[in-house]
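J.: All residue numbers for the sequence shown refer to the working numbering, where the first residue is 722 and numbers rise by one.
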Amino acid sequence: MSHRPFDERVKNFLLNLARVLNTRIEKVLDLYFYVSPETVKIVEVIERSGGVVGVRLAVRSAKRRDTWYYVAVGEYGAKCTCEGNTLGGKVCRHIIIGVITWNMVTLLKHGKELDLSKLTWLRAGEKEI
């Protein structure tokens, strides 16, 4: 377990995520701050072998009233019910929110950060954030 302060670990994760996505940190921070109990609901935390291997979420649309998108992110891929992912196969903002939430759950439950280098699907896909 790392001895760095929690907030420093979160900050480093968000910086690494922006680097992996090849986007500005401001876009990642916007998604990080979008997450609240009113906008994101954890449907399921998938645990195996003493670690969190994925999460399922419901994410409220930022643009459409009364619309929720369902997201699953894990070691081998991610899927979202939004048009960008369903029709275009893109890594959408809801999937990025899923990755951020997955990291936070892993940090809180096990004291470990999510290893972004293992998520090869995150680098490969076209981004829509």
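From the three backbone atoms N, C-alpha and C, an ideal C-beta is built for every residue, glycine too.
1. Would you decide whether GLY819 is buried or exposed? Buried here means 16 or more other CB atoms lie within 10 Å of its CB.
2. Just checking: is the beta-carbon of ILE817 within a distance shorter than 8 Å of some beta-carbon in chain D?
3. Taking 8 Å as the cut-off, does the region 757-771 touch the region 780-787 (at least 3 CB pairs, one atom from each stretch)?
4. Please say whether VAL812 and VAL773 have beta carbons closer to each other than 8 Å?
5. Going along the chain, which residues of its own chain have a beta-carbon closer than 7 Å to the beta-carbon of VAL794, five neighbours each way excluded?
6. How big is the Cα-Cα spacing for LYS833 and PRO726?
7. So is PHE754 buried or exposed if we call it buried at 16+ other beta carbons inside 10 Å?
8. For LEU750 and SER770, I'd like the C-alpha separation in whole angstroms.
9. Hey, LEU835 and VAL741 are a contact pair by Cβ (cut 8 Å); roughly how many whole angstroms apart?
10. What is the DSSP secondary structure of LYS833, counted as helix, strand or coil?
T.: Looking at the coordinates:
1. Taking the sequence shown and counting its residues from 1, the one referred to as residue 819 is at position 98. The residue is buried, with at least 16 neighbouring Cβ atoms inside 10 Å.
2. Reference to chain D is not applicable here, since this structure consists of a single protein chain.
3. yes
4. Translated into positions along the sequence shown, residue 773 becomes position 52. Translated into positions along the sequence shown, residue 812 becomes position 91. In this structure, VAL812 does not lie closer than 8 Å to VAL773 by Cβ.
5. On the sequence shown, residue 794 is found 73 positions in, with the first residue counted as 1. The residues are GLY775, VAL776, ILE816, GLY819, VAL820, TRP823.
6. Taking the first residue of the sequence shown as position 1, residue 833 is located at position 112. Taking the first residue of the sequence shown as position 1, residue 726 is located at position 5. Their backbone Cα atoms lie some 12 Å apart in a straight line.
7. Here the question's residue 754 lines up with position 33 in the sequence shown. With fewer than 16 other Cβ atoms within 10 Å, it is exposed.
8. Stepping through the sequence shown from its first residue, residue 750 is reached at position 29. Stepping through the sequence shown from its first residue, residue 770 is reached at position 49. Cα-Cα distance, rounded: 31 Å.
9. For this step, residue 835 is matched to residue 114 along the sequence shown. For this step, residue 741 is matched to residue 20 along the sequence shown. No, LEU835 and VAL741 are not in contact; Cβ-Cβ is about 11 Å, not under 8 Å.
10. As a first step, residue 833 is located in the sequence shown; it is residue number 112 there, counting from the start. Looking at LYS833 - three-state DSSP - the assignment turns out to be coil, as it is neither helix nor strand.
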